[in-house]
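Q: Here my numbering = 1-based position in the sequence shown + 184. C-beta: ideal position from N, C-alpha, C; glycine also.
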Amino acid sequence: MRGCLENRRTRRRQTFAPHRSPSMRFSQTIATMGFPALVGFLVLAWGMVSIQAVRAESFQPIKEAEMPPGFPAPTPVGHIELKHYPGYRKATASGGSEFWTLFRHIKKNGVAMTAPVEMEYGDPCATSARSRAMSFLYQRPDQGAVGKQGNVEVTDVPAMTVVSIGCRGSQTAKAIDTARLALMEFLNSQADRYEVAGPLRVMAHNSPFVPRDKNYFEVQIPFRPVAPTAEK
Numbered sequence: 185m186r187g188c189l190e191n192r193r194t195r196r197r198q199t200f201a202p203h204r205s206p207s208m209r210f211s212q213t214i215a216t217m218g219f220p221a222l223v224g225f226l227v228l229a230w231g232m233v234s235i236q237a238v239r240a241e242s243f244q245p246i247k248e249a250e251m252p253p254g255f256p257a258p259t260p261v262g263h264i265e266l267k268h269y270p271g272y273r274k275a276t277a278s279g280g281s282e283f284w285t286l287f288r289h290i291k292k293n294g295v296a297m298t299a300p301v302e303m304e305y306g307d308p309c310a311t312s313a314r315s316r317a318m319s320f321l322y323q324r325p326d327q328g329a330v331g332k333q334g335n336v337e338v339t340d341v342p343a344m345t346v347v348s349i350g351c352r353g354s355q356t357a358k359a360i361d362t363a364r365l366a367l368m369e370f371l372n373s374q375a376d377r378y379e380v381a382g383p384l385r386v387m388a389h390n391s392p393f394v395p396r397d398k399n400y401f402e403v404q405i406p407f408r409p410v411a412p413t414a415e416k
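1) Any chance you could list the alpha helix (DSSP H) runs of at least 4 consecutive residues sitting entirely within the region 235-301, in chain order?
2) For the region 319-328 against the region 293-307, do three or more pairs of beta-carbon atoms, one drawn from each stretch, fall closer than 8 Å, so that the two count as touching?
3) Within its chain, find whatever has a CB closer than 6 Å to the CB of PRO383; leave out the 5 residues flanking it on each side and keep chain order.
4) Quick check on DSSP: helix, strand or coil for THR362?
5) Tell me the rounded alpha-carbon separation between VAL346 and GLY334.
6) By the three-class DSSP mapping on this structure, what secondary structure does ASP307 have?
7) Do GLU402 and SER348 have their C-beta atoms within less than 7 Å of each other?
8) Under a three-way DSSP split, which group does ASP376 fall into?
9) Compute every distance between the C-beta of PHE320 and the non-hydrogen atoms of the ligand NAD, then say whether any falls below 6 Å.
10) Quick check on ARG385: does DSSP put it in helix, strand or coil?
11) Looking only at its own chain, which residues have a Cβ that is under 8 Å from the Cβ of THR298, when we skip the five neighbours before and after it?
12) On the premise that PRO409 lies in contact with TYR174, defined as a C-beta separation below 8 Å, what is that separation, rounded to the nearest angstrom?
13) Quick check: what's the CA-CA separation for GLU337 versus GLN374?
14) Mapping the DSSP letters down to three states, classify ARG314 as helix, strand or coil.
15) Quick check on DSSP: helix, strand or coil for VAL330?
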């Protein structure tokens with residue numbers, strides 16, 4: 185406290201120019217425009233928004249590998265949709281270096297690389313979900329055998345229904361959490377019909393060799409119909 189008081193006593197008088205934020209400067213610029221210039225500016229801005237919307241709608245994920253039979257098509261970027269997945273077989277690893285552990289596994293067992301790569305993120309209601317495990321999907325559910333193979337666990341996944349959102353760009357924690365919130369908002373709006381039935385997951389369709397702005401992934405939450413309550 186003494187330091188604060190001493191600083192006040194010895195503080196020199198200074199003259200400050202009023203700070204103008206970018207939004208204030210933008211507003212003042214708009215205010216000084218003539219009507220024709222303002223109309224031209226608005227047309228240009230609308231055109232830029234329209235171009236971005238068209239780009240998002242026309243974006244097509246780069247296909248680097250085949251999906252297992254019966255898998256649904258990728259969800260369009262920015263769209264939320266309900267999707268049904270057939271049962272499939274997967275190899276899962278966790279604890280660090282999962283990608284190379286799984287890569288050695290499929291190479292040893294003669295399993296071709298498929299897409300997407302599945303990453304489990306745990307409870308979709310958690311605000312700071314982190315990847316807990318990575319899985320490579322087998323080409324067919326009858327390929328190989330289930331069980332533990334070193335640091336890899338091969339399991340069969342039953343058919344499921346998920347709510348999915350398509351995403352483009354880097355798989356950052358912020359991007360995944362933004363997608364998670366959108367999915368939870370949808371499920372909460374349908375709380376009388378659907379309930380969460382599994383962990384949040386990311387389905388990554390592209391490798392690190394794909395340019396960042398063309399990278400595509402889906403964020404998904406498994407769900408099931410709400411069981412009807414028994415009437416008393």
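A: Taking the geometry as given:
1) 282-292
2) yes
3) GLU304 and GLY306
4) helix
5) 30 Å
6) coil
7) yes
8) coil
9) No copy of the ligand NAD appears in this structure; indeed no ligand is present at all.
10) strand
11) ALA249, GLU250, MET251, PRO252, PHE320, LEU321, TYR322 and GLN323
12) This structure cannot settle anything about residue 174, because the visible part of the chain is limited to 185 through 416.
13) 35 Å
14) coil
15) coil
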